[in-house]
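Just below is one structure, and these are the notes that go with it.
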Amino acid sequence: MRQLFNIIFNLGYFLILTMTAIALLFLSGQILLSHTYIPLRIAEGVQFVSNPWYFYPILLLFLFCLFLIRPLLEKVQTKHLFWILSLIFIATAIFLITAYDGRIRADAKHVFNAALAFNRGDYSSLTTVGSYMYRNPHQLGLMTLERLYAFISPTTQFAFSMNVVWTLLSHFLIYKITALLNDREIIQKYTILLTFLFLPQLFFVLFVYGTIPGLFFCLLSLYAFIKLDQKGNLLYALLGAASISLACLVRNNYIIFAIMLIGCCFLSIFYKWSWKKPLAIVLIVAGVVFSNKGLTAYYEQLVGGKIGVGTPKIAYITMGLRDDPNRQSLGGWYDAYNTKILKRNKYNESLATEMATRDLKNILIHFSKDPAYALKFFYEKVKSTWTEPTFQSIWTGPQIERQQYMKPTVLRSIYEERKGYQIVNFLLLTLLASIYLLSCFFILHKFFVTEKKLTPFDLYPFIFLLGGGLFHFFWETKSQYVYIYVLLLIPSAAQSLVDLSDWWKNKGKGKGKATDQLEKGL
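Sequential numbering of the sequence shown, starting at 1, is according to full-length UniProt numbering.
This is the structure:
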């Protein structure tokens, strides 16, 4: 039986590392040649831009500086490094929040307004045919969180401030998860540094949506299940299941994270058996399913009626495979197909599902008849999603086309697509390329050099990356949707930095020993 378990684990291990290596080699190659640029306009007009010649020396300089900073990092205590960077983050976030009047837009605005209305006893956004929550009942979890915000303070500034709290807690959990999986402090310190350098986390504090709080609950669940794997205390299983359930309520896309957790627990069964691991899988599934049913039942009782499915989920797949020539956005990106399909069918959900299914079949037939077009479509969709350095973290903030303005000159330069935006874009391009290259090195190093295998939970960023990549290959895409997958590659990039600097040190010591032996011989 042990031999069979080893075969299953090794097969899963090989497939995960192989597919991740292919994905990261592709992304590394693409980001070295060109990248995606998002103009700060209402429409998401995606552009492919060649990297300037000076990108390459600056990339090398940045990587070199990361190596050079190691002696300084080794002198600083880990907790001191985290607190220093946290204070800088808080000060910068306060500057960002106070520089803006707090107006939000699009889905974030609709959900926030619905939360305020519900707290006043006005349920029309859910009960009135065609209203936002009526069309998007999957946002009930986020609306519930924002109702809690509104009980404390019914302002977007408070929601922005909560984003700062959630982000810092997420940074802390990324550090603690890294510490659980790798006891070398220098890797933990590099992880902390790179996490705070990942500026989309800062700019997204002005985006009142479910991604940031949901990420915290995802990371808390991961932390709990790693502790379960290491300590065996069932309380961690309950904490993990509750946390991932909350994450999926706040942001439905985090079901991918839940699947990743199930994958890690499943592989862990074959790595080292424990009856608590299949139980953990059952708890994850039960938590996600029943929490969603419970929330729906609560709101059905509150409004005194049945809540429909809203926009059919298949419409998002159809939109993710469409290429509307009348839209500025690239094929596969948001084109309002999902927002219009119910209206076109007079809010009949069955007819809307039939229409989306019919349109999807026509798209697939078109792909099959024109493979060259299909290849170009998916290539551009993947590249535009994963090589946009800001991940729309600035685009989701104030836009001058919507009469939304920042007050300080430096922020106006960023949010009005002037010099500041170009600088931030370039700096984040350098960071994104570094993360892809270092993560790719990590995978290849594990494949061809290191004999010691990774544990199942060491594989979490790669399973999550593959799941997110597959999901957005077919689903509607935006670069803002995938920044979480890149963020969680940072611990792997940090380990690569340490491995490379260790190799360089050992090489230097080897040369020193050879020189000493030569001198003695002479």
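Glycine included, each C-beta is placed from N, C-alpha and C at the ideal position. Note that the structure is predicted; figures quoted are calculated from it, not measured.
Worksheet entry | Cut-off 8 Å between Cβ atoms - residues of its own chain near residue 267, not counting five sequence neighbours on either side | 9, 12, 13, 456, 459
Worksheet item: Closest by CA to residue 68, which one among 186, 286, 227?
Response: 186
Worksheet item: Which residue comes first and which comes last in the beta strand (DSSP E) that contains residue 138?
Response: No beta strand (DSSP E) contains residue 138, which DSSP labels as neither H nor E.
Worksheet item: Taking only runs of the alpha helix (DSSP H) that begin and end inside the region 180-261, which ones reach a length of at least 4 residues, in chain order?
Response: 185-197, 200-203, 211-231, 234-250
Practice prompt. Determine the DSSP secondary structure at residue 37, reduced to helix, strand or coil.
Written response: strand
Practice prompt. Enumerate in chain order the residues of its own chain whose CB-to-CB distance from residue 103 is below 6 Å, with the five nearest sequence positions on each side excluded.
Written response: 404
Worksheet entry | Which listed residue (331, 353, 337, 383) has its alpha carbon closest to that of residue 367 | A check of alpha carbon separations from residue 367 across 331, 353, 337, 383 identifies 331 as the nearest.
Discussion item. Less than 6 Å between C-beta atoms, sequence neighbours within five positions excluded: which residues of the same chain meet that for residue 127?
Written reply: Residues 303 of the same chain have their beta carbon placed closer than 6 Å to that of residue 127, with the five preceding and five following residues left out of the count.
Discussion item. Counting beta carbon pairs with one atom in the region 419-431 and one in the region 467-477, are three or more of them shorter than 8 Å?
Written reply: no
Worksheet item: When the Cβ atoms of the region 424-433 are set against those of the region 44-64, are three or more pairs found closer than 8 Å?
Response: Under the three-pair Cβ rule at 8 Å, the region 424-433 counts as touching the region 44-64.
Fill in: With 16 other Cβ atoms within 10 Å as the buried cut-off, status of residue 505
exposed
Discussion item. Taking contact to mean 3 or more Cβ pairs, one atom from each stretch, closer than 8 Å, check whether the region 306-322 and the region 352-361 are in contact.
Written reply: yes
Worksheet item: So what's residue 50 in DSSP terms, helix, strand or just coil?
Response: strand
Worksheet item: Nearest to residue 435 by CA position, among 398, 387, 157, 402, is which residue?
Response: 387
Worksheet entry | Nonlocal neighbours in the same chain, by C-beta distance under 7 Å from residue 18, ignoring five residues either side | So the list is empty, once near-sequence residues are dropped.
Worksheet item: Ends of the alpha helix (DSSP H) at residue 57?
Response: 55-68
Discussion item. Which residue marks the beginning of the alpha helix (DSSP H) containing residue 122, and which one marks its end?
Written reply: It is not in any alpha helix (DSSP H) - residue 122 carries neither H nor E in the DSSP assignment.
Fill in: residue 476, enclosing alpha helix (DSSP H) - first and last residue
Premise fails: residue 476 is in no alpha helix (DSSP H) and is neither H nor E.
Practice prompt. State the Cα-Cα distance for the pair residue 514 and residue 501, rounded to the nearest angstrom.
Written response: Because the pLDDT at residue 514 is just 47, under 50, the model does not fix this residue reliably, and the value given afterwards should be weighed accordingly. Each residue's alpha carbon lies about 20 Å from the other.
Discussion item. Short of 7 Å in beta carbon distance, which residues of its chain neighbour residue 246, apart from the five on each side in sequence? Order them along the chain.
Written reply: 217
Practice prompt. Could you round the C-beta distance between residue 249 and residue 225 to whole angstroms and report it? I think they count as a contact, below 8 Å.
Written response: Contact flag wrong, Cβ pair sits at about 18 Å.
Worksheet item: residue 170 to residue 490, Cα distance in whole Å?
Response: 13 Å
Worksheet item: Considering only residues of the same chain and omitting the five flanking positions on each side of residue 20, which have a CB-CB separation below 8 Å?
Response: Here the set comprises 443, 462, 465, 466.
Discussion item. Looking only at its chain, what residues have a beta carbon closer than 6 Å to the beta carbon of residue 28, apart from the 5 residues adjacent to it on each side?
Written reply: 436, 437, 440
Worksheet item: So, helix, strand or coil for residue 83, using DSSP?
Response: helix
Fill in: As assigned by DSSP and simplified to three states, the class of residue 503
helix
Worksheet item: Would residue 408 pass as a contact of residue 95 if the rule is Cβ separation under 9 Å?
Response: yes
Fill in: Exposure label - residue 35; buried when at least 16 CB within 10 Å
buried
Worksheet entry | Where the alpha helix (DSSP H) containing residue 302 begins and where it ends | 276-303
Fill in: Straight-line Cα distance separating residue 496 from residue 63
Answer to the nearest angstrom: the Cα atoms are 11 Å apart.
Fill in: Where the alpha helix (DSSP H) through residue 344 begins and ends
337-344
Worksheet item: Looking at residue 322 and the ligand GDP, is the gap between the Cβ and the nearest heavy atom below 8 Å?
Response: Of the ligands one can find in the structure shown there are none, so the ligand GDP has no counterpart to examine.
Discussion item. I'd like the span of the alpha helix (DSSP H) that includes residue 369, first residue to last.
Written reply: 349-369
Worksheet item: residue 166 and residue 200: beta carbons closer than 9 Å?
Response: Taking C-beta atoms as the reference points, residue 166 and residue 200 fail to come closer than 9 Å.
Discussion item. Please classify residue 118 as buried or exposed, where buried requires at least 16 other C-beta atoms within 10 Å of its C-beta.
Written reply: If you draw a 10 Å sphere on the C-beta of residue 118, you find 16 or more other C-beta atoms in it, and that means buried.
Item to complete: Determine, using beta-carbon pairs with one atom in the region 278-292 and one in the region 234-244, whether at least three such pairs fall under 8 Å.
Response: yes
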